[in-house]
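Undergrad: Each step along the sequence shown adds one to the number in this note's numbering, with nothing skipped, and position 179 is 1042.
For each residue, glycine too, the CB sits at the ideal point set by N, CA and C.
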Amino acid sequence: MIETKVLRPIQWDNLIRIGRDNDGGYVIPYEIISKTDVLLSYGVKNDWSFEKDFYKKNSNVKIHCYDHTLNFLSLIRYTIKYLLLFPFYCITLDRKRLKRCTHGILLIPDYFVFFGKKAKHFKYRIWSTDDDNSKTVGYTLNQFPKVAGEKFFIKMDIEGAEYKVFDDIINLSGFIGAIVVEFHALDEFAENFNRIINKISKHFNIVHIHGNNFSKLLTNQNFPSAIEMTFINKSYCDNSIKPSFKEYPLDGLDQPNKISKLDHKIVF
864 MIETKVLRPI QWDNLIRIGR DNDGGYVIPY EIISKTDVLL SYGVKNDWSF
914 EKDFYKKNSN VKIHCYDHTL NFLSLIRYTI KYLLLFPFYC ITLDRKRLKR
964 CTHGILLIPD YFVFFGKKAK HFKYRIWSTD DDNSKTVGYT LNQFPKVAGE
1014 KFFIKMDIEG AEYKVFDDII NLSGFIGAIV VEFHALDEFA ENFNRIINKI
1064 SKHFNIVHIH GNNFSKLLTN QNFPSAIEMT FINKSYCDNS IKPSFKEYPL
1114 DGLDQPNKIS KLDHKIVF
């Protein structure tokens, strides 16, 4: 069972959505953007819209992205896929999917422009050990000199590996200002998830939660089996924090990951 009562976010008035519409965008505190020195992005696939938006709002931020599945061959496959879908969405006048197809067709030049000048892409997976193809969270932080007061923002969507690496993040919490993460397969990892939330709550507050509607609902609870969560370091919070009693998803900020399906409501 997921301990849903402890997942209620705190009240935070200045939230902003960063990244593309639907799947790939996340809701974070606006203030944290300018206070971030380094954005570490774990899991990119074919979408770096979050990183691009973050950079537009803070051009001084250093961005390192880690994804072992992203390479030139995968970029070609994605481009061909979008080229084939483009005529169909033109005929059906599906504006949202047509917009995504247009971005997909331009994926290769966009990759070289963004990762050539504004960010760096490392072909490693994020894991619990360092080896030829894997790097730990600690390794990614150690690529930067430990400057007093320097803060990292971690964005993580690594398809279940989050349960292997989250203890490292908690142990390095003093350097991390905020985290946005997608937790997968809560039906399989409920105990691990509850343990992580209990540990991270000592250092971070939850400011946002959203169910991924590509996922199913848990059979024993009316709760999504995949959720996106945003945490902010308690050093950015004062003593007047209060729980948020808003309904989630948040109107005007949240969007369904799957366009053709209603969003999951969060029941605490």
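Have a look at I873 and H1071 and give me their C-alpha separation to the nearest angstrom.
TA: CA-CA distance, I873 to H1071, rounds to 8 Å.
Undergrad: Who does F1016 pair with in a DSSP beta bridge?
TA: L902 and A1041
Undergrad: Count the other CB atoms within 10 Å of the CB of N1085; is the residue buried (16 or more) or exposed (fewer)?
TA: exposed
Undergrad: Suppose you measure from the CA of K868 to the CA of E1054; what does that come to, to the nearest Å?
TA: 15 Å
Undergrad: Within a Cβ cutoff of 6 Å, which residues of the same chain sit near K920, ignoring the five residues on either side of it in sequence?
TA: I896
Undergrad: Would you say the stretch 1044-1062 touches the stretch 930-943, given that touching needs at least three Cβ pairs under 8 Å?
TA: no
Undergrad: With respect to the beta strand (DSSP E) encompassing K983, which residues constitute its N-terminal and C-terminal limits?
TA: K983 to F985
Undergrad: Within 10 angstroms of its Cβ, does M1019 collect 16 or more other Cβ (buried), or is it exposed?
TA: Buried: at least 16 other Cβ atoms inside 10 Å.
Undergrad: Assuming contact is defined by CB atoms lying nearer than 8 Å, are D1168 and G967 in contact in what I supplied?
TA: Nothing about residue 1168 can be read from this structure; the chain reaches only from 864 to 1131.
Undergrad: Of the residues K980, I1090, F1067 and F1016, which one's Cα is nearest the Cα of S1098?
TA: F1067
Undergrad: Given this structure, state the Cα-to-Cα distance separating K986 from S1103, to the nearest angstrom.
TA: 43 Å
Undergrad: Within its chain, find whatever has a CB closer than 7 Å to the CB of I1033; leave out the 5 residues flanking it on each side and keep chain order.
TA: The answer, listed in chain order, is K1062, I1063 and H1066.
Undergrad: Per DSSP, P892 is paired with what?
TA: L878
Undergrad: Take the Cβ of Q1006 as the centre, count every other Cβ of all protein chains shown within 10 Å, and call the residue buried at 16 or more, exposed below.
TA: exposed
Undergrad: Anyone know if the C-beta pair for E1025 and F1046 falls short of 8 Å?
TA: Their beta carbons are under 8 Å apart, which means E1025 touches F1046 by this criterion.
Undergrad: Hey, quick one: how far does the beta strand (DSSP E) through Y929 stretch, first residue to last?
TA: K925 to Y929
Undergrad: Excluding five sequence neighbours on each side, which residues of the same chain lie with their C-beta closer than 8 Å to the C-beta of I989?
TA: Y905, G906, Y929, S997, K998, T999, V1000, T1003, M1019, I1021, A1024 and V1028
Undergrad: Identify, in the order they occur along the chain, each residue of the same chain with its Cβ nearer than 8 Å to the Cβ of R960, setting aside the five sequence neighbours on each side.
TA: L948, Y952 and I1122
Undergrad: Put I954 into one of helix, strand or coil per three-state DSSP.
TA: helix
Undergrad: Hey, could you find the ends of the alpha helix (DSSP H) E914 is sitting in?
TA: S912 to K920
Undergrad: Which one or two residues does DSSP pair with E1110 in a beta bridge?
TA: Answer is none; E1110 lacks a bridge partner.
Undergrad: Could you check if Y893 is buried or exposed, using at least 16 other CB atoms within 10 Å of its CB as the buried criterion?
TA: exposed
Undergrad: Taking DSSP as the reference, what is the three-state secondary structure of F1077?
TA: coil
Undergrad: Cα separation between D916 and R958?
TA: 21 Å
Undergrad: Can you look up P1087 in the DSSP assignment and give me helix, strand or coil?
TA: strand
Undergrad: Is it buried or exposed, F1015, if we count other Cβ atoms within 10 angstroms and call 16 or more buried?
TA: buried
Undergrad: Sorted by chain position, which residues of the same chain lie with C-beta nearer than 7 Å to L1116's C-beta, five sequence neighbours on each side aside?
TA: L878, R880 and V890
Undergrad: Within 10 angstroms of the Cβ of E866, are there 16 or more other Cβ atoms? Answer buried if so, exposed if not.
TA: exposed
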